[in-house]
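Colleague: Structure incoming, see below.
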Amino acid sequence: MIPEIKDNNVESSNELDNILPLVGPDILKSNIVKLSRKEFLDEQKKSAELKKLFEEAKNESSKKTNHIVDDNLLFFKKEDKNGTKRKLLVVPEKYRENLMTIGHEGAAAHLGVTKTKNALFKTFYWANCFSDIENAVKTCDKCQRVGKPQDKKKAPLKIVPVITEIFTKINIDASEPLPKPPSGNKYTITTLCMSSKYPDAIPVANLCSTTIVNALLQIFSRIGFPRELQTDQGTSFMSALTTEFLEKFRVKVVRSSVYYPQCNPVKKMHRTLERILRVLCLEALPDWEKILPQALFVLRTVIHDSTGFSPEELVHGKNLRTPVMLLY
């Protein structure tokens, strides 16, 4: 009998789609991902909108343009508020809608208008790109179904001490119960570094003190032991075991007195994380625990409003490669 010959490539592809549903067909099979440099350049040259910009960029005496031609491609010169100078690739009309889809949906986790703009504007540019991106985000079907975060009120301004070293002050909180996945975990223990805004989250089955301590050990194994930990008045965070554990490693505990985001900023981050999980569960897997690493990756690589940098930039000193960067 002739043995059955299995197509290992098909099995491998199917398995990868199950592991990476958010970076699946929308991105990896996108026509813009498969573009060659020549194809992109041809589209730039064919664009009536970009023709005048090419002419101005090639005219060295022209001072009314921020566009340059480098290796025949058209770029836009930009200096951000942190003084970093960038060359942004100018996108012809044909690829803009596809690019906005990749920059907002799937692996980009359906973030809001500002963060989607920031993600795309690190690398790409075209005239009226901000209004185009705003319209795309505001008309996104899945974002409409999940809704916006409920916290509309801005926290009052107040003087806070400057934290000069990352991971010295950490805020911690436990999520509300989430849909129970096959693993049995239905909560997350979430932390937020107050200087870098770097988030982390550990799925747990319950909120007993032993579980809290084990989750803290996992987080501290990655960031070290902080000098100060801010928590709410939750029983698990105030238990004798948790208190003894933190005292043993000389971690000062600060208790938030009431439920206000300004008292413990990790609560606002919790709501953002839970919204991302909800919208990604609509789009890909119903199991939020499998999507959690992707949601954290997104929060770590987008620019934070309060610092002007992404958490990854402040922690590791560089921008990580994201799915949008596959296009460049």
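Sequential numbering from 1 applies to the sequence shown in the UniProt record's numbering. Backbone N, C-alpha and C define an ideal beta-carbon position, used for all residues, glycine too. Just so it is clear, the structure is predicted and the values come from calculations on it, not from any experiment.
DSSP three-state call for Tyr198: helix, strand or coil?
Modeller: Here Tyr198 sits in coil by DSSP.
Colleague: For Val266, which option in Cys193, Gln144 and Gly224 has the closest C-alpha, if you only look at C-alpha atoms?
Modeller: Among Cys193, Gln144 and Gly224, the Cα nearest to that of Val266 is on Cys193.
Colleague: Under a three-way DSSP split, which group does Gln44 fall into?
Modeller: helix
Colleague: Flag this pair as touching only if the stretch 301 to 314 and the stretch 201 to 208 have three or more C-beta atom pairs under 8 Å; answer yes or no.
Modeller: no
Colleague: Below 8 Å, how does it come out for the stretch 284 to 295 and the stretch 90 to 103: are there three or more Cβ pairs, yes or no?
Modeller: no
Colleague: Use the C-beta contact count for Ser36: other C-beta atoms within 10 angstroms, 16 or more gives buried, fewer gives exposed.
Modeller: exposed
Colleague: Evaluate Glu105 with the Cβ neighbour count: other Cβ atoms within 10 Å of its Cβ, from every protein chain shown; 16 or more gives buried, anything less gives exposed.
Modeller: buried
Colleague: On the criterion of 16 or more Cβ atoms from any shown chain inside 10 Å, does Lys186 qualify as buried, or is it exposed?
Modeller: By the 10 Å Cβ count, Lys186 comes out buried.
Colleague: Among the residues of its own chain, which have a CB less than 7 Å from the CB of Ser239, if the five just before and after it don't count?
Modeller: Ser209
Colleague: Quick check: Tyr198 and Phe167, are their CB atoms within less than 9 Å of each other?
Modeller: yes
Colleague: Of the choices Val315, Pro92 and Ala201, whose alpha-carbon is the least far from that of Phe124?
Modeller: Taking only the C-alpha atoms, the option nearest Phe124 is Pro92.
Colleague: In the DSSP assignment, find the alpha helix (DSSP H) that holds Ser119 and state where it starts and stops.
Modeller: A small correction: the amino acid at residue 119 is Ala; Ser does not occupy that position in the sequence shown. In the DSSP assignment, Ala119 falls within the unbroken alpha helix (DSSP H) covering Val113 to Leu120.
Colleague: Do the stretch 292 to 299 and the stretch 170 to 184 make contact, defined as three or more Cβ pairs closer than 8 Å?
Modeller: no
Colleague: Which residue comes first and which comes last in the alpha helix (DSSP H) that contains Lys138?
Modeller: Cys129 to Lys138
Colleague: Can you tell me whether Phe76 is buried or exposed, with buried defined as 16 or more other CB within 10 angstroms of its CB?
Modeller: buried
Colleague: How close, in whole Å, do the beta carbons of Thr190 and His270 come, if the pair is a contact with beta carbons under 8 Å?
Modeller: 6 Å
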